[in-house]
Each structure stands twice: as C-alpha cells, then as structure tokens.
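If you're matching positions, the sequence shown starts at 1390 in my numbering and goes up one per residue.
Idealized CB from N, CA, C, for every residue including glycine.
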Amino acid sequence: MTRLSPTALVGRVLRVLAPLSLVLTVYLYLYPIFSNCAFPLPPSQSVQSAQATKNYGSTSAASSSRAAFIETAKGHWESLATVIDANLNTTWSQRARTVFVPSQPLAPFRLLVFGDPQLEGDTSIPTEYLGVFPHAKNLWKHVTFQTEHPSVRQRIRQSFHEVVDILFEDAFNFLESLRKRIDLVGNDLYLSHIYRTVHWWTRPTHVAVLGDLLGSQWINNDEFYRRADRYWNRVFRGAERVPDSLAAYPADEYDLAGFLGSGAFNESSPWSRRLINVAGNHDIGYAGDINDERASRFETAFGKLNYELRFELPLLETAVAVFDDAKHPNPHSDRLMPEVRIVVLNDMNIDTPALSAKLQDDTYTFINKVISTSASVDFKGHYTVVLTHIPLYKPEGVCVDDPYFDFHEHDGTLRSQNQLSAAASKGFLEGIFGMSGSTAGPGKGRGRRGIILNGHDHEGCDTWHYINQSITEPKHRKWEVKRWRQANVAGIVGQEGLPGIREITVRSMMGDYGGNAGLLSLWFDVASWEWKAEYATCPLGTQHLWWLVHILDLIVVVSIVLLTVASILLPLGVDVEGAQLRLMCFGRRSHKVRDTHGVPNSRGFGKKVGSG
C-alpha cells in the first residue's frame, strides 16, 4: 500500500472538510433564511375586514410564516436593487424589481425581543478568585522557610501536600480557567451572531431585551461595568441605549417618542438601533436584594428601570372619525389616534417584603401613574405593550416554572420567586389593562388592548389570561390561564364575556435553550379601529453548532495556508516532502528514545545503554 505524503493527506482531508465547512458556514450565517424567519404579516385588507369582529389576541387569518418570509425576501431584493441602481447608474434593477414587488406591507411595529442573555464573567473563572497556581506560591514559601512549622518533617510533609495540590488542583483550575475564558468569548460572539443576523434579515422597528442581561446581581462594580462593556461593545455591538430624555414618565400631556410606518422597513428610524433594556433578578436582584447601589448602576449602564414610550401611527386618511382631533374634531367618537404605548416596568420588587421600601414605592407610584394616564377603556385605538421580567402567576403545570417563593432567613425579605403572586398579577390585569369580571364596569369589563412580554422562565411560555364574566357570584370570578394554543382551540380568545390578554414569556437566547429570538408584529385594523398582534420565533440552535462551524473553518483555513505555502516552496527547489518526512521521523525517534530509555542508533531505533 502506497504511503501518502503529508501534503497529499492534507489535500485529501481538505476535499472532504472544505465543502462541509462551506455548507455549514453558509447555513450559520444565513440561518434566518433557511428557517423561514420573518415578522408575521398583517392579513390582506379583505381578510382583515372579515375578521374585524375578533377583537382580542391575534387573528387566525394572519398570513402564514412562509408568506411573511417571501415578503421579507422581496423587501431585501428591492433594497438591493435600489443600491445597484444608485451605484451603477442603471435601470436594469428597476425592470428586475417588477418580478419581486411586495404584495403586502409589513407590520408598522415590529419588535425583535430577546430573553435572558445572562453574560457571565470573572466569577466563573477559578483563577480569578483562587489565583494562578496558588499552591505553587505556598510551596515556595515552605521551601524558603517563610512559613513556620514545628519540625522539618512537618515542613517536608506540607511541601509534598502542596506538590499534590499543584498537580491535581492548580493545573486543573488553570486549564479550566483557560477553557472558560475561551468559552466566554465564544458565548459573547454566539449571542452577537444571533442579534446581528436576525436583525439584518427581519428588519425590526424596535428591539428589547427582557432582563437578566448579566449573570449575577452579586458582582462588584468593576465586574459589573466590565460585563456591561461586553454587552454593548461585543454582544449588541452597534446598538444604542434609550436616551433618558426619551424614556418618559407617564403623564396626561406627553411627547411622542416617534412615529410608525415611515418607509417599507422603517430603516431610517433610530429605534431599530436602540435597545430597550428591562431589569432582571440577575441585574438588580429580587425584592429582598434590590438596593440603591444596584438600581443606580443598572440605570447608569442600561437605562431607566421604569418608563414609557409612545409611538403614533399616522393615518393616510385623517378624516376618519378621530376623537377630538384638532383638524377633524369629533367629540362623540370613541376613536383615538392609533398609538402604541410601551411600558417598561421593573416588576422585581412588586411582591413583598422588599429590602428597600423607597424603591418599592417608586415602582408602585409608577404603576399607578401608568393607570391614571391611560386612555379610558371606552375608547379604541391605543395598544399597550408591557415589558417586564418576572411572569404573571400561573397554576402548577401551565408552564415549566411552577409558583415558587423563597425568603431570606435573616430578615424575611423576598429572596427568590418564579412568578408574581396571584394578587400582583390581578393588579396587572385589572389595573394596567382595566379588565374586570363585571359587565357593569366601564367598557363592560373588556379592558384595554395590549400584550405582556417577559422572560425569567428560560423555557418560554405562551399563555392567555382571562376571566369568566358569566359566573353569577362575584367572589367566584377568578382569573384563569391557558396555553395560547389551547385557548384558541377552545374558542376562548375573543369570546364575548371572557375578557383576556396574551402573555408571552420569551424563551432564552442562551445556547442551552436554542439561541431564541422573538418576533412580535403589531398592525392597525382600520375597520375595527383596533390593533392586532402576532408572534413568531427564530431559533438558531445550541452553541455547539456555532463552535463546530468555526472550528471546521479554522482547520480548513490553516490547511489551505499550509498547502499554499508548500505550493510556493516546491518550485523554488525546497524539499517540502522531505522536510515533512524528516520532521515525522524525528518525532518517531524521540518517542522511541522515551520508550527504550536509550539513545538512537543509525537506523533510528533506541539501544539500551549497558545492555551488551
């Protein structure tokens, strides 16, 4: 059998790995395309009008994910064609564009949402808190008599203990720390890849991260700001913080944060680059952990804890019975100018007992202000998107995380929780959204249109909260919850006498949970004068895929470089093959010498010294 030279062997391996690497790399960097990721589309006007009576939740007539993907692809083609025309000064792309004319407009509000990135840092690296080879330092102190021992025997004994610890602890911790440092960089790049790739393909109008931006609330300030720097300059590179001047406190007279629907993709809007950050338990702690220092450093690095943003949708026909509009007054109408209200709420200290009564009062005051400045439930046209971290209460078995509360032993404050309490959740639903179990209340108890987005439960969950108004005894009317699909199948969503709201707990973007991204679309139905919503997901897959692709790419690139160098040196008369063989023979001889404890003879075999 003919022995292959190292160069030939590398070439053959490259023939297998190069195509595989190319295919996997293309998939990784275009995975939203292969996964048909796209923001859900509004239904066509004819379908939308027919479904106008379905006032709650998402319409079942919304276009399929495939149709949404095709429209997104058409938009990308149109953008590319515009660039071609501008740079080449041609009209070819104008003719080609007619084949890919978007048949449906995209939703005017498209929120790209991520849950729980949880950036780790120095606290997960052993050498950062143990030191580099600490037992080697102790050994040096023992052998140089810098330590006290009752006898030489004890000094020698302790020195041998340090040697064992160097081999079985220090060496392991050093290698583990090296692996962890590489893992942290890789994890940052993995999360960054998800954000960058999904953002590029789906073209959101707004972006939010639903808490647990970092991995621990217990870290010191230096470590906190190091992780914050990685968050902004590596994971979400190119993104911007929401300016404090725009993060408004609720008021009766308010300024808009922006307008919706400007252009096919709203690409000119700065909001597509701004990150709406929500505080999580690993950022500021639970109610029993939150103090002024943790709250202050979060607001310094990521933005305010509580605020609202309002975005108005300009109408093409402004004369359509708008309530008390300056140009078209109509005080008898129940219609308001279409508006999306984003409420960023720190719900970490809603439940009690809390460590800081002041910070808890700030949260309660903010919620009350949100309620008092909301439009009356009798009016239509406004839509509230509440962004929080801890999900609302659900009975055991509805989602992965069951109800759970834990309290500090030393002061009884809240230490941990999986969900908000039932009382706090009721306040959410009946206060912020104005829903009621009584038909005698304002708006017959139907409440305000909206949706709740949160994180915390890394597995994710999609639910529908509702209350049955037909129960005669008020004390028996309680808030119930079902999985979103179950509620749709049962016909509960939008049913008269069952006011409710959708809550989406966004699955984590961490690698162990598939690198998920959430896609929320909102569009305005003129016929019913209500906003409609639909939600989709775009997972990448575990981080192992990201590592596999880049390791393969590295092997292929190194192999190509080696073959290129060999092809350059061969014409110059360099014996590349001979050098490779001599290098391999040297390695074999060294191995033989170690095995025989001797010296190599002229044939390259070891001969034991003194064997005769």
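Which of helix, strand or coil DSSP assigns to Leu-1430: Stepping through the sequence shown from its first residue, residue 1430 is reached at position 41. Coil.
Span separating the alpha-carbon of Asp-1750 from that of Asn-1695: For the purposes of this step, residue 1750 is identified with residue 361 of the sequence shown, where counting begins at 1. For the purposes of this step, residue 1695 is identified with residue 306 of the sequence shown, where counting begins at 1. Spanning the two alpha carbons is a distance of roughly 12 Å.
Residues of its chain near Asn-1735, where Cβ-Cβ distance is below 7 Å and the 5 sequence neighbours each way are ignored: In the sequence shown, counting from the first residue as 1, residue 1735 sits at position 346. Cβ-Cβ distances below 7 Å link Asn-1735 to Ala-1668, Leu-1694, Asn-1695, Thr-1752 in the same chain, with the five nearest sequence neighbours on each side left out; the list follows chain order.
Neighbour flag for Tyr-1416 against chain B, beta carbons, 9 Å: Although the question refers to chain B, the structure presented lacks it and comprises just one protein chain.
Sequence-distant residues of its chain with Cβ nearer than 6 Å to Ile-1731 (five each side left out): Numbered from its first residue, the sequence shown carries residue 1731 at position 342. Excluding the 5 residues flanking it on each side, Ile-1731 has same chain C-beta neighbours closer than 6 Å at Leu-1698, Val-1774, in chain order.
Integer Cβ distance of Lys-1569 from Ser-1605, believed to fall under 8 Å: Here residue 1569 refers to the residue found at position 180 when the sequence shown is read from its first residue. Here residue 1605 refers to the residue found at position 216 when the sequence shown is read from its first residue. About 15 Å; that fails the 8 Å criterion.
Beta-carbon proximity check, Ala-1813 vs Val-1587, cutoff 9 Å: Counted from its first residue, the sequence shown places residue 1813 at position 424. Counted from its first residue, the sequence shown places residue 1587 at position 198. The answer is no: Cβ separation not under 9 Å.
Span of the beta strand (DSSP E) around Trp-1589: On the sequence shown, residue 1589 is found 200 positions in, with the first residue counted as 1. In the DSSP annotation of this structure, Trp-1589 is not part of any beta strand (DSSP E); the continuous alpha helix (DSSP H) holding it starts and ends at 1560-1591.
Contact belief for Leu-1599 with Val-1895 at Cβ below 8 Å, rounded distance in angstroms: Your numbering for residue 1599 matches position 210 in the sequence shown. Your numbering for residue 1895 matches position 506 in the sequence shown. Between Val-1895 and Leu-1599 the Cβ distance is about 6 Å, and since that is below 8 Å, they are a contact.
Sufficient close CB pairs (3 or more, under 8 Å) joining the segment 1921-1941 to the segment 1739-1747: The segment 1739-1747 and the segment 1921-1941 do not touch, with fewer than three beta-carbon pairs separated by less than 8 Å.
Candidates Leu-1398, His-1524, Pro-1727: closest to Phe-1549 by CA position: Here residue 1549 refers to the residue found at position 160 of the sequence shown. That would be His-1524, whose Cα lies nearest to the Cα of Phe-1549.
Buried or exposed (CB count within 10 angstroms, at least 16 for buried), Gly-1727: Position 338 of the sequence shown holds residue 1727. Residue 1727 is actually Pro in this sequence, not Gly. Counting Cβ neighbours within 10 Å, Pro-1727 comes out buried, since at least 16 surround it.
Element boundaries [alpha helix (DSSP H), containing Ile-1881]: Taking the first residue of the sequence shown as position 1, residue 1881 is located at position 492. Segment: none, Ile-1881 is in no alpha helix (DSSP H) and carries neither H nor E.
Touching by the beta-carbon criterion (3+ pairs, under 8 Å), the segment 1571-1583 and the segment 1530-1543: The segment 1571-1583 vs the segment 1530-1543: no contact.
Extent of the continuous beta strand (DSSP E) to which Pro-1632 belongs: As a first step, residue 1632 is located in the sequence shown; it is residue number 243 there, counting from the start. Careful: Pro-1632 lies outside any beta strand (DSSP E) and carries neither H nor E.
Contact set for Thr-1461: own chain, Cβ-Cβ below 6 Å, skip 5 residues either direction: In the sequence shown, residue 1461 corresponds to position 72, counting from 1. Closer than 6 Å at Cβ, skipping near neighbours: Ala-1427.
Sufficient close CB pairs (3 or more, under 8 Å) joining the segment 1498-1508 to the segment 1907-1920: Taking one beta carbon from each stretch, the segment 1498-1508 and the segment 1907-1920 have 3 or more pairs nearer than 8 Å; the two touch.
Chain-order list of residues whose beta-carbon lies under 7 Å from that of Asn-1425 (same chain, five-residue window excluded): Working through the sequence shown from its first residue, we reach residue 1425 at position 36. Result list for Asn-1425: Ser-1454, Arg-1455, Phe-1458, in chain order.
Cross-strand partners of Gln-1806 (DSSP beta bridge): For this step, residue 1806 is matched to residue 417 along the sequence shown. BP columns for Gln-1806 point to Phe-1794.
Nearest residue (CA-CA) to Ala-1640, options Asp-1618, Arg-1592, Glu-1612, Ile-1756: Counting from one through the sequence shown, the residue named residue 1640 turns up at place 251. Checking every option, the nearest Cα to that of Ala-1640 belongs to Ile-1756.
The segment 1770-1790 contacting the segment 1870-1882, beta-carbon criterion three pairs below 8 Å: Taking a cut-off of 8 Å on C-beta distances, the segment 1770-1790 touches the segment 1870-1882, as three or more cross pairs fall below it.
Cβ shell of Glu-1848 (< 6 Å), same chain only, five flanking positions each side left out: Numbered from 1 along the sequence shown, position 459 holds the residue referred to as residue 1848. Excluding five sequence positions before and after Glu-1848, the CB atoms of its chain that fall closer than 6 Å to its own CB belong to Val-1789, given in chain order.
Secondary structure of Tyr-1772, DSSP reduced to three states: Locating residue 1772 in the sequence shown gives position 383, counting from the first residue. Secondary structure of Tyr-1772 (DSSP, three-state): strand.
Of the listed residues Trp-1853, Pro-1831, Ala-1955, Asp-1942, nearest to Gly-1839 (C-alpha basis): Here residue 1839 refers to the residue found at position 450 of the sequence shown. Answer by Cα proximity: Trp-1853.
Reduced DSSP secondary structure (H/G/I, E/B, other) of Trp-1529: As a position in the sequence shown, residue 1529 is number 140, starting the count at 1. Residue state, collapsed to three classes: helix.
Burial state of Tyr-1445, where buried means 16 or more other Cβ atoms lie within 10 Å: Taking the sequence shown and counting its residues from 1, one reaches residue 1445 at position 56. Because the pLDDT of Tyr-1445 is 48, which lies under 50, any placement of that residue in the model is unreliable, and the number read from its coordinates should be weighed accordingly. So Tyr-1445 ends up on the buried side.
Alpha helix (DSSP H) runs wholly inside the segment 1730-1782, at least 4 long, in chain order: As summarised for the segment 1730-1782, the continuous alpha helix (DSSP H) elements at least 4 residues long and confined to that stretch are 1746-1761, given in chain order.
Straight-line Cα distance separating Leu-1702 from Leu-1495: Counting from 1 along the sequence shown, the entry for residue 1495 is found at position 106. Counting from 1 along the sequence shown, the entry for residue 1702 is found at position 313. Those two C-alpha atoms are separated by around 14 Å.
Minimum C-alpha distance to Gly-1674 - residue among Pro-1720, Leu-1602, Gly-1692: Residue numbering aside, residue 1674 sits at position 285 when the sequence shown is read from its first letter. It is Leu-1602 whose Cα lies nearest to the Cα of Gly-1674.
Cβ contact (3+ pairs, closer than 8 Å) linking the segment 1819-1830 and the segment 1795-1810: Between the segment 1819-1830 and the segment 1795-1810, the count of C-beta pairs closer than 8 Å stays below three; the two stretches do not touch.
Inter-residue Cα distance where the pair is Ile-1893 and Ser-1722: On the sequence shown, residue 1893 is found 504 positions in, with the first residue counted as 1. On the sequence shown, residue 1722 is found 333 positions in, with the first residue counted as 1. Their backbone Cα atoms lie some 32 Å apart in a straight line.
Simplified DSSP state of Trp-1918, which is helix, strand or coil: Position 529 of the sequence shown holds residue 1918. Reduced to three states, the DSSP call for Trp-1918 is coil.
Buried or exposed (CB count within 10 angstroms, at least 16 for buried), Lys-1530: Working through the sequence shown from its first residue, we reach residue 1530 at position 141. When all chains shown are included, Lys-1530 counts as exposed.
Whether Val-1947 touches Ser-1410 by CB criterion (9 Å): As a first step, residue 1947 is located in the sequence shown; it is residue number 558 there, counting from the start. As a first step, residue 1410 is located in the sequence shown; it is residue number 21 there, counting from the start. 9 Å or more divides the Cβ of Val-1947 from the Cβ of Ser-1410.
Reference Leu-2003; option with closest CA among Tyr-1643, Thr-1861, Leu-1528: The question about residue 2003 has no answer, for the chain in this structure spans 1390 to 2001.
Close Cβ partners of Ser-2000 (< 7 Å) along its chain, the five nearest in sequence each way excluded: Sequence index remark: in the sequence shown, residue 2000 carries index 611 (1-based). Residue placement at Ser-2000 is poorly supported in this model, since its pLDDT is 41, which falls under 50; the coordinates are not used for a value here.
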